[in-house]
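This report refers to the structure that appears directly beneath it.
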Amino acid sequence: MNRRRSIRLPHYDYRDEGAYFITICTHHHLCLFGYVMDDIVEHTSYGRIAADAWLAIPQHFTHVALDHYVVMPNHVHGILFIEDHPKADLGARHTANEDNKEADVGAQYIVPLHSTKRSFGSMVAGSLPSIVRTYKAAVTREINRTLGMPSAKIWQRNYYEHIIRSERDLNRIRDYILTNPARWAEDEYYRSLE
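The opening position of the sequence shown corresponds to residue 1008 in my numbering, with each subsequent residue numbered one higher.
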């Protein structure tokens, strides 16, 4: 049997405080969420569902704060901050370098003293994969309810994530998100509606 390989960093605890930039694409990059006209995304009802579900994330995960996001015609970009979240002591500690000239936004690659690696498919409560899975499920459920179809595929299997490690990186990604609609025709996920 073909076993799926995780694209997450091995041994990284995705419950750690920090800033994360994520991209989630629709199944086959179909433009379900709208179209771009004059550098503005015009959402379909499905795009509004995706946007509303994104804004509802902190209601379900109180340790998460949202930053910039955009629901594009066939993908969603967003920045999530995972804040202090109670978890079992893993032996890893956040270490800040006071000589660092760039502001620390909290995400550090720290290898715990013992492995937290889990087999594919297991979900750790409050982790980034759990947050994304819940978001994707909420959007899928509401769109399928709207369509009257219990099992229409909305999302591609996985998502992309980037751990934001500095204020400069955070600002670069914010700019990328804000200007994404204006660059739609050059976007790697671009699909013409014609």
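Every residue gets a Cβ at the ideal spot worked out from N, C-alpha and C, and that includes glycine.
Does DSSP put residue i in a helix, in a strand, or in coil?
{"i": "residue 1034", "result": "helix"}
{"i": "residue 1131", "result": "coil"}
{"i": "residue 1049", "result": "strand"}
{"i": "residue 1054", "result": "helix"}
{"i": "residue 1098", "result": "In this prediction, residue 1098 has a pLDDT of 38, which is less than 50 and means its spatial position is unreliable; what the coordinates show is noted afterwards. The answer is coil: DSSP assigns residue 1098 none of H, G, I, E or B."}
{"i": "residue 1029", "result": "strand"}
{"i": "residue 1070", "result": "coil"}
{"i": "residue 1076", "result": "strand"}
{"i": "residue 1039", "result": "coil"}
{"i": "residue 1195", "result": "coil"}
{"i": "residue 1111", "result": "With a pLDDT of only 45 at residue 1111, under 50, the local geometry of the prediction cannot be trusted, and no value is derived from it."}
Buried or exposed for residue i, going by 16 or more other Cβ atoms inside 10 Å?
{"i": "residue 1159", "result": "exposed"}
{"i": "residue 1134", "result": "buried"}
{"i": "residue 1087", "result": "buried"}
{"i": "residue 1025", "result": "buried"}
{"i": "residue 1082", "result": "buried"}
{"i": "residue 1079", "result": "buried"}
{"i": "residue 1187", "result": "buried"}
{"i": "residue 1054", "result": "buried"}
{"i": "residue 1154", "result": "exposed"}
{"i": "residue 1067", "result": "exposed"}
In terms of DSSP beta bridges, what is residue i paired with?
{"i": "residue 1044", "result": "1047"}
{"i": "residue 1083", "result": "1031, 1078"}
{"i": "residue 1064", "result": "According to DSSP, which records beta bridges pairwise, residue 1064 is partnered with nothing at all."}
{"i": "residue 1089", "result": "1025, 1071"}
* To do: Specify whether the segment 1162 to 1178 and the segment 1030 to 1044 touch according to this definition: at least 3 beta carbon pairs, one from each stretch, less than 8 angstroms apart.
  => yes
* Any contact of the segment 1174 to 1184 with the segment 1043 to 1055, i.e. 3+ C-beta pairs under 8 angstroms? -> no
* Asked: Three or more C-beta pairs closer than 8 angstroms, one from the segment 1142 to 1155 and one from the segment 1053 to 1070: is that the case here?
  -> yes
* Asked: Which ranges does the beta strand (DSSP E) cover as unbroken runs of at least 3 residues, wholly within the segment 1156 to 1188, from first to last along the chain?
  -> 1167 to 1171
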